[in-house]
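Okay, structure first, notes after.
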Amino acid sequence: MTAPDGTEDTDEVTDPDPTTAVDALVAEIAPGVRPPAVRRCDAIMVTGPWLAGVSAVASALADRLPQWRVVEATDLTPGEVPSAVVFVVSAAAALTDSDCVLLDAAAAHTDVVIGVVSKIDVHRQWREMQQAARETLADYAPRYRDVAWVGTAAAPERGDPRVDDLVAELTKQLGDADVARRNRLRSWEFQLRTDADRIDRDARAEGRRARVALLQEQRDEVVRQRRMSKSERVIALRSRIAQARVQLSHFTRKRCSSVRGELAEDATGMTRRRLPEFEAYVRSRLEEVVAEVDEGVSEHLADVAQELGLSGDVAATTPPAPQVESAAPVLTSRRLETQLMTL
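Add 88 to the 1-based position in the sequence shown for our numbering, that's all there is to it.
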């Protein structure tokens, strides 16, 4: 390349870093968004369900791809993410949703994912199991619809390991010039989804806190109103009971005085012959007055209960009328005692 002054420019024009370009693009679209806090390492992660043959596949890949660091999920330090993920499932077991969750956690920041069905040397139906695993994974998440699947026998009982298809697929995908950009975009997608979910959770939590606060205020108001109503009701009840006690006491005394006056007036005109009848008459009048006073008290209390809004059948809770027991009258004549005292 020739410079404007005629000299040859020996500086080579290098392509920008794909990671930096992706970060700049996202920052231009959404300024202020925090970038993914991960560190990309040149490693191939091999993961999968228990007893799927993960360690055997990792060992075989390490022998066939010495230029790459082949690790399992527990070998990476926090913050490290691989360049490719090899997901191993056994041909003897169907893929489950929990296995898909395991892949989600391993490939959260990695776009290059290859599915592997292991132990194909002893399971004739491995192709059917591979197709079932492909469909299950595609139904679980749309990003896994185009995942490449291969069969392997990393630790066969006889013969050499059969990992040629896996090595070829890894070499093909890792040799793509867009791998770094795809992986960075996948990291950004995971970061943005995580932030969006966190914002949604915070919003829902804030809404729940607001609803809880509102319900707490309503509850406090209801409790306060009930306490005030109860206090007012107790005060009114005590006042009406005191008033009823005074009124009923006055009514009872007045009625007893009236009856006593009537009986005294009747006694003044009493003759000796009518004396036995007068005792029965007094007893009957006492019973009538007691019944009359009891009826008046019951009616008055019923009116008070209705006025205060008390529930229940007052008549059913009213006690029976009291029974008045009067003693026999004193001696009707003291003539002999009077004569003796005169002497």
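Cβ coordinates follow ideal geometry from the N, Cα and C atoms, glycine included.
- If only complete runs of 3 or more residues are kept, the region 131-195 shows the beta strand (DSSP E) at 131-135, 157-160 and 172-178, in order along the chain.
- The Cβ-Cβ distance between GLY136 and VAL201 does not fall below 7 Å.
- Straight across, the Cα-Cα distance linking LEU280 with ARG312 is about 47 Å.
- Note on GLN219: under 16 other CB atoms within 10 angstroms of its CB, so exposed under the neighbour-count rule.
- Non-local C-beta neighbours of VAL347 in its own chain, meaning closer than 7 Å and more than five positions away in sequence, comprise ARG373 and VAL377, ordered along the chain.
- Shown here, ILE208 sits in coil according to DSSP, grouped into three states, outside any helix or strand.
- Below 8 Å, enough C-beta pairs join the region 263-283 and the region 106-123 to call them touching: three or more.
- DSSP places ALA115 inside the alpha helix (DSSP H), whose first and last residues are 106-117.
- Fully enclosed alpha helix (DSSP H) runs of no fewer than 4 residues occupy 252-262 of the region 242-270, in order along the chain.
- If you ignore the 5 residues before and after GLY167, its C-beta comes within less than 8 Å of the C-beta of ALA125, VAL126 and ARG127, all in its own chain and listed in chain order.
- In the structure shown, GLY295 adopts helical secondary structure according to DSSP, grouped into three states.
- With respect to the 7 Å criterion, ILE132 and ALA161 are not classified as neighbours on the basis of their beta carbons.
- Cα atoms of SER275 and ALA243: separation of roughly 33 Å, rounded to the nearest angstrom.
- As DSSP reads the structure, ARG128 sits in a beta bridge with VAL169.
- Between ARG272 and VAL110, the C-beta gap is smaller than 7 Å, which places the two residues in contact.
- Taking a 10 Å sphere around the C-beta of ASP199, we find 16 or more other C-beta atoms and assign the residue as buried.
- By the C-beta density criterion, LYS260 is exposed, having fewer than 16 other C-beta atoms within 10 angstroms.
- Taking 7 Å as the cut-off, the beta carbon of ILE208 is found no closer than this to the beta carbon of GLY247.
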